[in-house]
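Contents: one structure, followed by commentary.
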Amino acid sequence: MSVSTAVFYLIALLTIVSAGMVAFSRNIIYSAFSLLGTFMGVAGLYIFLGADFVAAVQLLIYVGGILVLILFAVMLTHRITDVAITNRAAGRVPALIVIGVLVYFLINTVKSTPWIKAKEVVHAATTAKIGDAFLYDYLLPFELASLVLLAAMIGAVVLSRKEIKE
Amino acid sequence: MSPNELSSYLTIGAILFALGLFTVLTRRNAISVLMGVELILNSANINYVAFSHFSSGNSAGQIYAIFVIMLAAAEAAVGLAIVLAIFKLFHTIDVEAAETMKD
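Listed below in structure tokens is the structure:
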């Protein structure tokens, strides 16, 4: 087993174990911090897939942005002292049956489908290609994305401001 | 399972999706439900990038992954603002407490 295969197993294990912690932990702070492991593991998988720019974006936005937002929301909505009882879960057994069946069928499908193979798998820097694609082929979605972000920003401000009664 | 096979990435994506779905189904805490949604979005992104690498050979899948990450950021900002508004109104973020449309 080569070093890269061992690292791949470690990253896959990190991703799935932390995702399991998010799903099963009783303490919401543990859940929020386990999300960090999942996001880092997924970034590592992107590097294995030769997507360096996506990995960097994943680290910047998920770890630097969304995770901090989630931690802020946890801190703002709970008294930290009674955090142990705040991560309630219900209906675990039926949900376990549902996802067990789902995983069985998904993995069966993955194993039995003859996926199309690319002619050659290349590892090259992707940033320049992605930049070109955003400014030529995907220009309209790119501009719409900026509109969506503006709307989300205004929406978040409107939802969380204090109402001043006259 | 090896780093040079498409199916190992798809398997990891499937497991991540199932765990995210489990989180969304069982949690009663609105922030935990949002965490489950993030897990599901991540699993979809793994599939996009894996197919882009192994099947198509061009970077379209990576571009869709970046769009999904961008929309996840917008969703998290608005979703958590809604959670904070619910907390101000009901003093809890249990999703069962906020089931009325109007007070």
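Each protein sequence line maps, in turn, to chains A and B.
Numbering of the first sequence is given in numbering that gives the first Met the number 0, commencing with residue 0 and proceeding in unit increments.
Numbering of the second sequence is given in numbering that gives the first Met the number 0, commencing with residue 0 and proceeding in unit increments.
For each residue, glycine too, the CB sits at the ideal point set by N, CA and C.
Applying a beta-carbon distance threshold of less than 8 Å, which residues of chain A neighbour residue i?
i: B:T22; result: V21, A22
i: B:V77; result: A151, G154, A155, L158
Residue i versus chain A: which residues are under 7 Å apart at the beta carbon?
i: B:T25; result: A88, A89, G90, R91, A94
i: B:A17; result: I98, L101, V102
i: B:I39; result: Chain A residues near B:I39: none, gap ~10 Å exceeds 7 Å.
Beta-carbon separation of residue i and residue j under 9 Å?
i: A:A72; j: B:L83; result: yes
i: B:V23; j: B:G12; result: no
i: B:G19; j: A:A18; result: yes
i: A:A31; j: A:L75; result: no
i: A:A94; j: B:F21; result: yes
i: A:Y29; j: A:M20; result: yes
i: A:L48; j: B:Y63; result: no
i: B:M69; j: A:A144; result: yes
i: A:G43; j: A:V16; result: no
i: A:T14; j: A:V53; result: no
From what residue to what residue does the alpha helix (DSSP H) around residue i run?
i: B:Q61; result: 59-89
i: A:D51; result: 51-56
i: A:D131; result: 126-134
Using the Cα positions of residue i and residue j, report the straight-line distance between them to the nearest angstrom.
i: B:R26; j: B:T99; result: 18 Å
i: A:L101; j: B:L33; result: 21 Å
i: A:Y8; j: A:A150; result: 40 Å
i: A:L148; j: B:A73; result: 6 Å
i: B:E95; j: B:L88; result: 14 Å
What is the DSSP secondary structure of residue i, counted as helix, strand or coil?
i: A:A94; result: helix
i: B:N3; result: coil
i: B:N44; result: helix
i: A:N107; result: helix
i: A:A88; result: strand
Quick one: does residue i have its CB under 9 Å from some CB of chain E?
i: B:T99; result: Of the protein chains in this structure, namely A and B, none is chain E.
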